[in-house]
Amino acid sequence: LYEALVKDYTGRTPEAQSQTLVITHLNKDRRALNSLIHDARRENGETGKEEITLPVLVTSNIRDGELRKLSTWTAHKEAVALVDNVYHRISKVDKDNQLITLTDSEGKERFISPREASAEGVTLYRQEKITVSQGDRMRFSKSDPERGYVANSIWEVQSVSGDSVTLSDGKLTRTLTPKADQAQQHIDLAYAITAHGAQGASEPYAIALEGVAGGREQMASFESAYVALSRMKQHVQVYTDSREGWIKAIQHSPEKATAHDILEPRNDRAVKSADLLFGRARPLDETAAGRAALQQSGLAQGSSPGKFISPGKKYPQPHVALPAFDKNGKAAGIWLSP
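Each residue of the sequence shown is one higher than the one before, counting from 1 in the UniProt record's numbering.
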């Protein structure tokens, strides 16, 4: 499965590659595909031969509230804890006193209780490594306004030397030394990204890895498939370890009201409700948020049938609404996108 997906990506033109997102649901798949695509591009002569290995920090994706449990800290004793923009190692977990000892790079200790963790804004990261060469595509995985880093912004490796890597986005240049500065370790290869990380991203093309083998089964649902398959503007190619199993998982996933609702009217009353909602909405170009959405999508020029729906009781988030039609061209409600 990996081989077929990598062959698909690397078989595309350089321009198409730069406009293609590879989307996975597991970090394990993301890491593997990023590494394999790097190797394939290097073997094809698309990147430099010289390689360097860099330390990176990957968010542990701990659910809300889990940091209040001492067991979470015990299970992540090897993690790096970021508190008040200072990186710490977890040096001790005291079960008797329900206390965690954090130590920074200068040896200074900080004590924190699990109940305070959420209020203190603690984030835990895993330490991993990536190998890069000149010509590789990379991204920042965390925004840092002070340093001018924007999460998910794409950069190309201009050169590698010793422990440093120089990146360029075509306008700006950044030289990073991740081994010397943990704040510069929020980076990754940019070929593959998780569906969670891809929210808000958009490219003309996407390659999605879906399935039910191993940990993928727990991630298979209508909602996760929607996120992965809606990142592209023109075309998406899906690779799966079991087409039948994946489709079954999507069809039988529990229905939940999410921000990615597609209103599928089941009767005339539902169609009328959708029409009323759409009728009260304002054209996108008449609101600041709507104009920003058009600009981000590359649709600032010309007109759009989309409308802006302000937050309300049923939809607490603002949405872009587009008219929906059935296979016969008959009005069938509206499609909402946050």
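By construction, the Cβ of each residue, glycine as well, lies at the ideal position given by its N, Cα and C atoms.
Within the region 179-203, the runs of beta strand (DSSP E) that reach at least 3 residues and sit entirely inside it are, in chain order, 187-189, 192-194. Lysine 233 sits in a strand when the DSSP states are folded into three classes. In the three-state reduction of the DSSP assignment, histidine 88 falls in the strand class, which pools E and B. A Cβ-Cβ separation of about 6 Å places arginine 231 in contact with leucine 21 under the 8 Å criterion. Where alanine 81 is concerned, the enclosing beta strand (DSSP E) starts and stops at 80-83. Around glutamine 182, the same chain offers Tyr87 as residues with beta carbons nearer than 6 Å, after the five sequence neighbours per side are excluded. The three-state secondary structure of aspartate 94, taken from DSSP, is strand. Rounded to the nearest whole angstrom, the C-alpha separation of threonine 123 and valine 83 is 7 Å. Its chain contains Gln158, Ser159, Thr175 as the residues whose beta carbon lies nearer than 6 Å to that of threonine 166, once the 5 sequence neighbours on both sides are disregarded; these appear in chain order.
Residue burial is scored here from C-beta neighbours: asparagine 27 has at least 16 other C-beta atoms within 10 angstroms and is therefore classed as buried.
In the displayed model, serine 164 falls within a strand according to three-state DSSP.
Going by beta carbons, glutamine 184 and aspartate 8 fall outside the 9 Å limit. Per DSSP, isoleucine 62 lies in no beta strand (DSSP E) segment and is marked neither H nor E.
Segment contact: the region 208-221 against the region 10-20, fewer than three CB-CB distances shorter than 8 Å; contact not assigned. Taking a contact as a CB-CB distance under 8 Å, the pair lysine 307 and proline 283 counts as one, their CB atoms being some 6 Å apart. In this structure, DSSP gives aspartate 144 an extended state, which the three-state scheme calls strand. Non-local C-beta neighbours of threonine 240 in its own chain, meaning closer than 7 Å and more than five positions away in sequence, comprise Glu210, Gly211, Trp246, ordered along the chain. Per DSSP, arginine 174 is one residue of the beta strand (DSSP E) stretching across 173-176. Beta-bridge annotation (DSSP): aspartate 8 is not paired with any residue.
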